[in-house]
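Novice: Each residue of the sequence shown is one higher than the one before, starting from 52 at the first, in my numbering.
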Amino acid sequence: MTYSLDHQDIRDGIAKLCQDFGGEYWQDCDKQDAYPAAFVDRLTAEGYLAALIPEAYGGLGLPLSAGGAILEEIHRSGGNAAACHAQMY
Numbered sequence: 052m053t054y055s056l057d058h059q060d061i062r063d064g065i066a067k068l069c070q071d072f073g074g075e076y077w078q079d080c081d082k083q084d085a086y087p088a089a090f091v092d093r094l095t096a097e098g099y100l101a102a103l104i105p106e107a108y109g110g111l112g113l114p115l116s117a118g119g120a121i122l123e124e125i126h127r128s129g130g131n132a133a134a135c136h137a138q139m140y
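1. Report yes or no: do three or more beta-carbon pairs, one from the region 97-110 and one from the region 81-88, lie closer than 8 Å?
2. If you run the structure through DSSP and keep just helix, strand and coil, what is leucine 103?
3. For the region 72-117, list the alpha helix (DSSP H) runs that are entirely contained and at least 4 residues long, ordered along the chain.
4. Only counting the same chain, and skipping five residues up and downstream in sequence, which positions put a Cβ closer than 7 Å to that of glycine 98?
5. Do you know offhand how far aspartate 92's Cα is from leucine 68's?
6. Between the alpha carbons of glycine 74 and asparagine 131, how many angstroms are there, rounded?
7. With a 10 Å radius around its C-beta and 16 neighbouring C-beta atoms as the bar for buried, classify leucine 115 as buried or exposed.
8. Is histidine 58 helix, strand or coil when you go by DSSP?
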């Protein structure tokens, strides 16, 4: 895959994914003191949590800036990127 330096393709994909996890989802997780498993599972299934892993090991082999774009867009969309930050590295 080829991405521009601003990773707009990634940002667009994350924004679309986050539309399925609106404020009510995050409020419910907070009220139940629950880990957002469905959100993290979806990020995993779509390959976003493997963005920084080398291709030789099944990841996308993208630069660190791609990871930053993923986390930034999750927060911009109203989600909580802290739930998936550690799984990216």
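Every residue gets a Cβ at the ideal spot worked out from N, C-alpha and C, and that includes glycine.
Specialist: On the basis of the supplied data:
1. No, because fewer than three Cβ pairs between the region 97-110 and the region 81-88 fall closer than 8 Å, the two stretches do not touch.
2. As a working mapping, residue 103 is identified with position 52 in the sequence shown. DSSP places leucine 103 in coil when its eight states are reduced to three.
3. If we require 4 residues or more, the alpha helix (DSSP H) runs fully inside the region 72-117 come out as 74-82, 88-96.
4. Here the question's residue 98 lines up with position 47 in the sequence shown. Around glycine 98: Leu111.
5. Residue 92 sits at position 41 when you count from the first residue of the sequence shown. Residue 68 sits at position 17 when you count from the first residue of the sequence shown. Looking at the two C-alpha atoms, the distance is approximately 12 Å.
6. Translated into the one-based positions of the sequence shown, residue 74 becomes position 23. Translated into the one-based positions of the sequence shown, residue 131 becomes position 80. Those two C-alpha atoms are separated by around 10 Å.
7. Along the sequence shown, read from residue 1 onward, the residue named residue 115 stands at position 64. Classification of leucine 115: exposed, given that the 10 Å Cβ count is below 16.
8. In the sequence shown, the residue the question calls residue 58 occupies position 7. The three-state reading of DSSP puts histidine 58 in coil, since its state is none of H, G, I, E or B.
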